[in-house]
Every structure is written in C-alpha cells, then in structure tokens.
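Trainee: Next up is a structure, given as structure tokens.
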Amino acid sequence: MKVILFGAGKGGENFILQHPQMNIVAIADNDESKHGKTVLRIPVISPVEIQNENVESIIITSQWVDQVYRQLTNDLGFSASLITIPNKQAVKAELPFQDKQTKVFAQDLLKFINQYCREKGAPACLDSGTLLGAMRDGDLISWDDDIDLAIDPFSFSVLINHLPEMIEKLSTKFDVEWQVIVITVNGRQSCINVEFLNSEGTAFIPFDLSIQLRESINGSSELISSGGLFFAPARHFDNLDTILFLNEEFFVPHDPSSFLTFMYGNWKTPKKTTQITEYENRRASLPSPKGGIKVEKRIFCLNGERR
C-alpha cells in the first residue's frame, strides 16, 4: 500500500521510525520551505502533489489535525476513507521513561532545570503530560516521551541570555553531550529544547525537555510555538501554584486540577492511547496558516552556537 504522511515535523519523523515496513512514498507539508527536501530520505512535497502519487492511504502526522483533515477533504477532494488520524503514541519517539536508568536521569535533569530557573528568577512550571504525571501519579508517565515546562515572556528572555552558562552547568553535572535548540516560530523565539547525546559511558534512551513560551493574550494563555493552535484560560498561568514533586517544590499552573480537566477531561483515569482530536485545549476551527508555520532552529552546545 502506498502511503503519504501529511506533516513533515517531528511527529512525521517519529512515525516513520516506528513503522519501518510501511511503504511511505512522500510527506506532504504546507510549509513551502520544506518542499524538495527530505525527512529520513523520504521526499517532502506540496499538498497539491498528493494527487500525482496514486495514493492509497494518507496519515496525518501534523498537530494541525482538524485543519489538515478539512484541507484534504474539502480543498483537495480526497475521500475521508483514505485518511487516518493516528493515536499520539504513533507519532512519539521511543518510550524513555520505561527504562529505569533513563527515568532517573530524566528526573535529575528536571530537578536541575527547576533549580536553575529558580536561581535566575525565571520560574518554569510543569505543563501538559509532565504536569499530568506529577498530579496523578507522582511520577513521570511511563508512556510519555518528553518533559514539558512552560515559562512567561520575561523569564524566557532571561533563560535565553543564560544559555551558555546553563549548558556549561549541565555539562559539568551530567556525563552526556548537551545541545540546546532555540526554536523560532513565525519569527518569534518560542521554545528552548534541551537534548542530549550519550557519551561512551551512558546508554540513555533519547528524550527532550522543552521549555515552552506561554503568553497571556486576551484572556488566553497562548502556547506561542503552536501558532495559535493550543491555549488555556490565562488565569492558570498569570499566577502559579506550587506542589511537592520528586521531593522538591515545583511551580504548576494555578488551580492545576481545573487546568488538567480543561486539557484532558477525565484526567484522573490513565489512558495510554489518545488522539490529538480529544484535546480540549486546541482550536479545532482555527484555519491552517497559509504557507504553513515557519520554523527556524538555532543549535547551541558547550563550544557555542553550532553553524
């Protein structure tokens, strides 16, 4: 079966890695800057080119699920029977926190970042799946694949200015090779991604720690890197609460239980397989940006910015 993915970002890459036997012939994306490039040797094409591929299945690996679905069915005329929306686990990386050594390492990293942000007067709060695990399980969720933190614009700029020092301290404390990726979305720096490569003496399963910029706009806390797709009531992030997690104090959104209900619904019942369409914190009717979301990345390591 000839398959085309729609979404050439991290979700698409993870899906390819998880499905090596699938005959994926191309990846469509609305971002024109990606057209003609490849992801894991698979060509990235314009959505209008899907019709040239005699496609038998289209799998949406973009976070803009609702918008892409409407684009495929309404604008491009594809039958809904051809389109699949995978569960979130299908577009995630390996499950690092099921490995005991990796989970301990992740917990230590999270505590380090928490302490570092506090020292700099730039508090970061637990968000999304990391907050869910802390509140429900008192731990990182075993089937999660990353660590989610949120931070306000002032604190974000403070961290940006201290990246060289943060990387130096990370390198001193942990025996891995660090790189910090600053992600710019539509011309605005909006996420600090902390990533690592194993040294000769470590064998951790890869995961990311992301520090996402949140900004209160017209009563909503906007997740800036999502381009307007994900939001929450601003009251949860205009003021923060604290909880005891991993034997130390962490910032969390104000009234975290209510925030989790807004985001996940019945969050107290564990659910391993979910679809992004089940999340209440997305704007399903928001039109997909023309030309896609413009994403740029700058990579910093111990020796400075990597060109």
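Following our numbering, the numbering of the sequence shown begins with 363 at its first residue and continues without gaps. Just so it is clear, CB atoms sit at the ideal spot from N, CA and C, and this is done for glycine as well. Model, not experiment: these values are computed from the prediction.
Ordered along the chain, which non-local residues of its own chain (more than five positions away) have a Cβ less than 6 Å from that of residue 583?
Mentor: The answer, listed in chain order, is 576, 594, 596 and 599.
Trainee: Using alpha carbons as the reference points, say which of 611, 374 and 462 lies closest to residue 493.
Mentor: Out of 611, 374 and 462, 611 has the C-alpha closest to the C-alpha of residue 493.
Trainee: Between the segment 624-633 and the segment 494-510, are three or more C-beta pairs nearer than 8 Å?
Mentor: yes
Trainee: Can you grab the Cα-Cα spacing for the pair residue 461 / residue 437, in whole Å?
Mentor: Residue 461 and residue 437 have their C-alpha atoms roughly 44 Å apart.
Trainee: Between residue 378 and residue 402, how many whole angstroms is the CB-CB distance? I'm expecting something under 8 Å.
Mentor: 5 Å
Trainee: Within a Cβ cutoff of 7 Å, which residues of the same chain sit near residue 388, ignoring the five residues on either side of it in sequence?
Mentor: 366, 404, 405, 407 and 415
Trainee: Identify whether residue 472 lies in helix, strand or coil by the three-state DSSP scheme.
Mentor: It is helical.
Trainee: Give the straight-line distance between the Cα atoms of residue 411 and residue 424, rounded to the nearest whole angstrom.
Mentor: 17 Å
Trainee: Would you list, in sequence order, the uninterrupted alpha helix (DSSP H) runs of no fewer than 4 residues that lie entirely inside the segment 450-504?
Mentor: 462-481 and 490-498
Trainee: Alpha carbon to alpha carbon, what distance is there between residue 433 and residue 657?
Mentor: 21 Å
Trainee: I'd like to know whether the C-beta atoms of residue 662 and residue 551 end up nearer to each other than 8 Å.
Mentor: no
Trainee: Looking only at its chain, what residues have a beta carbon closer than 6 Å to the beta carbon of residue 505, apart from the 5 residues adjacent to it on each side?
Mentor: 457 and 634
Trainee: Go through its chain and collect everything with a Cβ distance to residue 399's Cβ below 6 Å, but skip five positions before and after it.
Mentor: 406
Trainee: Compare the beta carbon distance of residue 445 and residue 427 with 8 Å and say whether it is the shorter of the two.
Mentor: no
Trainee: On a CA-only basis, which of 525, 484 and 517 is nearest residue 556? Give me that one, please.
Mentor: 525
Trainee: Compute the beta-carbon to beta-carbon distance between residue 520 and residue 482, rounded to the nearest angstrom, for a pair I have assumed lies under 8 Å.
Mentor: 5 Å
Trainee: Do you know offhand how far residue 621's Cα is from residue 484's?
Mentor: 22 Å
Trainee: Within 10 angstroms of the Cβ of residue 589, are there 16 or more other Cβ atoms? Answer buried if so, exposed if not.
Mentor: buried
Trainee: From residue 384 to residue 371, what distance separates their C-alpha atoms?
Mentor: 18 Å
Trainee: At what residues does the beta strand (DSSP E) containing residue 612 begin and finish?
Mentor: From DSSP, the beta strand (DSSP E) with residue 612 extends over 610-615.
Trainee: For residue 546, does the three-state DSSP call read helix, strand or coil?
Mentor: Residue 546: strand per DSSP, three-state reduction.
Trainee: For residue 518 and residue 591, what's the separation of their Cα atoms in angstroms?
Mentor: So the two alpha carbons sit approximately 20 Å from each other.
Trainee: For residue 671, which residues does DSSP report across the bridge?
Mentor: Past the boundaries of the shown model lies residue 671; the chain is included only from 363 to 669, so the question cannot be answered.
Trainee: Should residue 464 go down as buried or exposed, given a rule of 16 or more other Cβ atoms within 10 Å for buried?
Mentor: Answer is buried; the Cβ neighbour count reaches 16.
Trainee: Would you kindly report the start and end of the unbroken beta strand (DSSP E) that includes residue 621?
Mentor: Looking at the DSSP string, residue 621 is not in any beta strand (DSSP E); the run it does join, the alpha helix (DSSP H), is 618-626.
Trainee: Let me check one thing: in DSSP terms, what residues is residue 662 bridge-paired to?
Mentor: Answer is 542 and 667, bridged to residue 662.
Trainee: What would DSSP say about residue 518, mapped onto helix, strand or coil?
Mentor: helix
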